[in-house]
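Here is the structure we will look at, set down as structure tokens.
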Amino acid sequence: MGMSVSAFLLSAAAAFAGLYLRAWAFALLTVVVVAIWATYLLLRGETFGATAVEAVKFLILMQFSYFVGVFTAQLFLRRLRRRRVDQTTMASAEGDPPSA
Numbered sequence: 124m125g126m127s128v129s130a131f132l133l134s135a136a137a138a139f140a141g142l143y144l145r146a147w148a149f150a151l152l153t154v155v156v157v158a159i160w161a162t163y164l165l166l167r168g169e170t171f172g173a174t175a176v177e178a179v180k181f182l183i184l185m186q187f188s189y190f191v192g193v194f195t196a197q198l199f200l201r202r203l204r205r206r207r208v209d210q211t212t213m214a215s216a217e218g219d220p221p222s223a
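Taken in order, the sequence shown gives residues 124 to 223; the numbers are from the numbering used here.
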């Protein structure tokens, strides 16, 4: 249960970061988060192999979630831009000056 909750929170945070962070900033954040998580697991008494597997799983989860966030943000921005262009086109077709 604890692993699924932390995985969900990590996934949600990474997807949210995809909306705001550049790729290099997220890569740096990912390395720091995974290093802290791996250190915690090692201090808790996990074996190095099990810790390495968990770290790779978290890296994959964070990267996938980040790309989902980036894709979602780009899709939203594209729809927003298209709506603005459509409104500008409709306003100019009606003879009104385009709004900024």
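For glycine and all other residues, C-beta sits at the position ideal for the given N, C-alpha and C. No experiment lies behind these values; they were computed from the predicted model shown.
| Query | Result |
| --- | --- |
| Among Y189, Q197, E169, V157, nearest to K180 - alpha-carbon criterion | V157 |
| Short Cβ contact (8 Å threshold) for T153 with L182 | yes |
| Collapsed DSSP secondary structure at M124 in the structure displayed | Interpretation of M124 is limited by its pLDDT of 46, a score under 50 that renders its predicted location unreliable; no figure is taken from the coordinates. |
| Where R145 sits in the DSSP three-state scheme | coil |
| Minimum C-alpha distance to A146 - residue among Y189, L200, R206, T212 | Y189 |
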